[in-house]
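2 protein chains.
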Amino acid sequence: MTPSNRPDETDAPEAEVGEQQGTKRKPKVKKRELKAKIRALEAEIAETRENVPDEPLYGLTPRLEAAVMRALEQERLPIIPRLMRPLHPADQADLIERLAPEQRLTLIAAMGATFDADILAYLDATVRDELVGTLGEEDLTRFLSALDSDDAVDLFGELDEEEQARILAALPAKDRIFLEEGLNFPEDSAGRLMQREMVVVPSHWTVGQTIDFLRTVRNLPDDFYDIFVVDPGHRPVGELALSHLLRAKRPVRVSDIMRKDFRKVRAEMDQEEVALLFRQYGLVAAPVVSEDDRLLGVITVDDVVDVIDEEAEEDLMRLAGLGESDLYGSLWDTTKTRFPWLVMNLLTAIAASLVIGMFEATIEKVVALAVLMPIVASMGGNAGTQTLTVAVRALAMRDIDTRNAMKFIAKETLVGSLNGIAFAVLVAGASIAWFGDFEIAWIIAVAMVLNLVVAGLAGTLIPLGLQRFKIDPAVASGVFLTTVTDVVGFFAFLGLATLFLL
Amino acid sequence: MTPSNRPDETDAPEAEVGEQQGTKRKPKVKKRELKAKIRALEAEIAETRENVPDEPLYGLTPRLEAAVMRALEQERLPIIPRLMRPLHPADQADLIERLAPEQRLTLIAAMGATFDADILAYLDATVRDELVGTLGEEDLTRFLSALDSDDAVDLFGELDEEEQARILAALPAKDRIFLEEGLNFPEDSAGRLMQREMVVVPSHWTVGQTIDFLRTVRNLPDDFYDIFVVDPGHRPVGELALSHLLRAKRPVRVSDIMRKDFRKVRAEMDQEEVALLFRQYGLVAAPVVSEDDRLLGVITVDDVVDVIDEEAEEDLMRLAGLGESDLYGSLWDTTKTRFPWLVMNLLTAIAASLVIGMFEATIEKVVALAVLMPIVASMGGNAGTQTLTVAVRALAMRDIDTRNAMKFIAKETLVGSLNGIAFAVLVAGASIAWFGDFEIAWIIAVAMVLNLVVAGLAGTLIPLGLQRFKIDPAVASGVFLTTVTDVVGFFAFLGLATLFLL
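So the protein sequences, as listed, match chains A and L. Residue 100 in the UniProt record's numbering sits at position 100 of the first sequence, and the numbers go up by one each step. Residue 447 in the UniProt record's numbering sits at position 447 of the second sequence, and the numbers go up by one each step.
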């Protein structure tokens, strides 16, 4: 039974005890009965504590969410820490995301000191920015100290300069240094992704010395999977997996069992590159080094999973002209962010309309053209979008580059031709069935083939071209593509009609 | 220096020695000189060996790729294993993907016994299917034994029944059992994703016993990060990270330091769910259990990274009606796979044309309508696509469900209204500037607002509705959406024009 079953009853005991203090003189209550009552109440409280477990094992359920919202609405704030405590920080972050903005602040205030700093690491970026803006300096400092260095740098980077200055002054020296150094790295780089906390041993140590070190040193990272071996210049020379350390005997030198063929990541490397590296080689951790090869930190695969998620989401969003803060942004922010891409598309549509406008006289004479013309344009757009999607994805995964681009372009053009012919037949058939006019039928057939071939070409050349000019293909390709397929579609169809029907 | 710098010279020594065996009587070559020559050649071979390291440290470069292709074209096959050896299996897989189909077979034959089974695990699925179809039984059996159990099950599942039966007969017992059991799990489930090789200790053991076990047992997995603690019924009761094992003293009981709050994965769980779990809680490994809670295997985060990649790619591809084998599929397969979605879109376009057809008379009278009408329809499609993209992504990440759907639908409808009004103004202005007609201007303005509001509604209701009927929103939403926005766009614009302009 979850605590949300009986939130009211958890408060009730006090009320019941209070009721017994009436003004009228009641029959003398025996001490025995009072003691029994107290025991019963204590048992009930103990049972409630059992129902609200201590370990963060539990997930978010609709009933718990409803209970939390009820508590917020009825301003029964003391119960909130107890309701939240059994949740893993990731689930607490989920619940916070689902609340309305004002409710979030109330909840966090109600949680007080029980608010686990890690929640901030799991929180959606837009929601976190909002919250961080409202947190007091004391809380911020406490959180920054508690978070892993990569999450702390993330959080810290979102504060404005004044706040950053004040908080730096309040932090312990080590945290302050890590934060300042972290911010020196470009955003979205390996330097920002890495954790500074890691286990490092000198190359001349033995397995025995290492194990003794691990057993006695105090502030080891909570979880680590590899130990890094460095030379006297603090440059990484080997990676030692714990599974290999454990298997070796004590006198063996660390340098004899360490892996020398590990992959190093330069601190300035873009996080997308890092993610690609991890995926390509199935890495679990990789050391991060400075320009002069000194070991700075480590990136672990769970951080990379976050990056992969982010990047996949970004690609999807960018293809539709969306920004990252769309889902949680305010009405105004969301509207504003979507506007520019829609304007680009409006210009595309107007360009297509200008082409149609060139053939007003033709349409006036053969109105069937107005009815059929959107078909050619839209099929071009659809086929082109297919090619574009494959191209953008393949470019991102490095499956296509200048060397095999020709092969890809040729293939897409041929696919466009084949499907173009197929759809030319279909649509010619449809227009004969509809208008009974064979001339329109072959005109629309030819226009269809033309447009689908052009769509295949455009769907490859546009992203490849943008990539060549170092512009992210995902962002602009879609708009350029529809411009091309619309213009070519209308022009081919109406142009052929003007030439042959009038 | 990479071997590709001097492929010809590596062959040369034999030729040079042979040349000295001429038919003409040459001056007597001194033994001294011959020995010196031999020493020089041996030194060169040693230097070559140094420069061609045994460890797979190197990445794929254009020059290496060219060298391999040259070797294939000139049929200098013995040199190929040497060229390939310094590459990591993932990079060897990349190179194989970039070759033409016939070249792939030649290369693999040339590599013979040096062909690392792991390459198959890194290979694109389409290419792998192709190759596996051509491999002999002996090779297949060898590879299946060498691969990790999850990769082996993958590969095995792609063979036809006859081949599977023959190979099962040829495999060692343990491999055979793992394969058969693996296939009992549904495709794309945790049971297929897991590795059977793991380290398991009984709950009554001590740290000392565990470490001794790790030092003496022979066939440990190459890399592992956690040890699983089981009860006598082989049910997992705890997870013990190596970092914690190392820190404890020998007499400590494993059950005292193990983590009890680990997350178990049921073997039937879908791999998408597993990936979501790993991402949500930042897991590195999770034990997989059977229905009766027995420990079957472990899923590690690098497998999940592959799943995340796959799923992200699938979503992107499905939104454009593409199948997974698009990039590497043959011309015919690719054309065939894209056809159905294009047909769906053709039907959409025809439906929109039918709507336009209802207003032929109106268009005949006011041709400007034919010029402007695509603008309204396409803006609806674009705005609706934005909403749809956010909705599909949010549904996949579980950020939206039936509880907060209303909030999302309301927000999108409002965003649609706001942008609708903005674009109504813009497009009315454009049509006044173009045609100087105020009546058309307000008609197109009203149609624009209407279509963008409908786009916002459709962009949310369609994916939510499909989800409710257990249909993947990513697949069908796009087509339904454009049907709605095209039909509503044309109908609103032309309908209002018919009502008010004639």
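By construction, the Cβ of each residue, glycine as well, lies at the ideal position given by its N, Cα and C atoms. Please read these numbers as outputs of a predicted model, since none were measured by experiment.
| query | result |
| --- | --- |
| Relative to the C-alpha of E181(A), which candidate in Q103(A), W341(A) and E268(A) has its C-alpha closest? | E268(A) |
| Please report the distance separating the alpha-carbon of V288(A) from that of E161(L). | 48 Å |
| Touch check for the segment 297-312 of chain A and the segment 267-281 of chain A: three-plus C-beta pairs under 8 Å? | yes |
| Quick check on the DSSP output: the beta strand (DSSP E) that includes E239(A) runs from which residue to which? | P236 to A241 |
| Determine, for K174(L), whether the minimum Cβ-Cβ distance to residues of chain A falls below 9 Å. | no |
| Report the three-state DSSP secondary structure of Q21(L) (helix, strand or coil). | With a pLDDT of 42 at Q21(L), under the threshold of 50, the modelled position of this residue cannot be trusted, and the question is left open. |
| Shorter than 9 Å from the beta carbon of I363(L) to some beta carbon of chain A? | yes |
| Under 8 Å, CB to CB, which of the residues in the segment 159-187 of chain A have a partner in chain L? | none |
| Considering only DSSP beta bridges, list what P202(L) is partnered with. | V230(L) |
| With a threshold of 16 other CB atoms inside 10 Å of the CB of E291(L), please say whether the residue is buried or exposed. | exposed |
| Rounded to a whole number of angstroms, what is the C-alpha to C-alpha distance between V237(A) and V230(A)? | 5 Å |
| Considering only residues of the same chain and omitting the five flanking positions on each side of L481(L), which have a CB-CB separation below 8 Å? | G381, G384, T385, L388, A455, A458, G459 and I462 |
| Just the chain L side, please: which residues come within less than 8 Å of S477(A) by C-beta, in chain order? | Result: empty, since nearest Cβ-Cβ is about 12 Å, beyond 8 Å. |
| In angstroms with no decimal places, state the Cα-to-Cα distance between I257(L) and T334(L). | 55 Å |
| Under 7 Å between beta-carbons, which chain A residues line up against Q280(L)? List them in chain order, please. | A90 |
| Within 10 Å of its beta-carbon, does M406(L) have 16 or more other beta-carbons around it, so buried, or fewer, so exposed? | exposed |
| Check whether the Cβ atoms of L144(L) and L171(L) lie closer than 9 Å to each other. | yes |
| Let me know the secondary structure DSSP gives Q74(L) once reduced to three states. | coil |
| Hey, quick one: how far does the beta strand (DSSP E) through P287(L) stretch, first residue to last? | A285 to V289 |
| If you count every other CB in all the chains shown that lies within 10 Å of the CB of L342(A), and 16 or more means buried, which is it? | buried |
| Quick check on the burial criterion: 16 or more other C-beta atoms within 10 angstroms. Buried or exposed for I444(L)? | buried |
| For the segment 410-427 of chain L, list every residue whose C-beta sits within 8 Å of some C-beta in chain A, in sequence order. | K411, L414, V415, L418, N419, A422, F423, L426 and V427 |
| One question on the structure: do A428(A) and L496(A) come within less than 9 Å of each other, judged by their Cβ atoms? | no |
| Output the distance between the C-alpha atoms of E130(L) and D270(L), rounded to the nearest integer angstrom. | 26 Å |
| S189(A) by DSSP, collapsed to three states: which one? | strand |
| Could you check if D222(A) is buried or exposed, using at least 16 other CB atoms within 10 Å of its CB as the buried criterion? | exposed |
| Could you tell me how far apart the beta carbons of R263(L) and A286(L) are, in whole angstroms, since I believe they sit closer than 8 Å? | 5 Å |
| Expressed to the nearest angstrom, what Euclidean distance is found between the alpha-carbon atoms of D139(A) and R76(A)? | 23 Å |
| For G357(L) and chain A, any beta-carbon pair shorter than 9 Å? | yes |
| Specify the secondary structure class of V367(A) as computed by DSSP and reduced to three states. | coil |
| Between H234(A) and T337(L), what straight-line distance do the alpha-carbon atoms span, to the nearest angstrom? | 55 Å |
| Check this for me: beta carbons of G321(A) and G465(A), under 9 Å apart or not? | no |
| Give the range of the beta strand (DSSP E) segment to which G456(L) is assigned. | Note, G456(L): premise wrong, no beta strand (DSSP E); alpha helix (DSSP H) at F438 to R468. |
| Ignoring anything shorter than 4 residues or poking outside the segment 396-443 of chain A, list the alpha helix (DSSP H) runs there in chain order. | 405-435 |
| Determine the chain A residues that contact L360(L) at a beta-carbon separation under 9 Å, and present them in chain order. | Per the sequence shown, residue 360(L) should be read as Glu rather than Leu. By Cβ distance, chain A contributes V367, A368, A370 and V371. |
| Tell me I299(L)'s beta-bridge partners as DSSP assigns them. | A286(L) |
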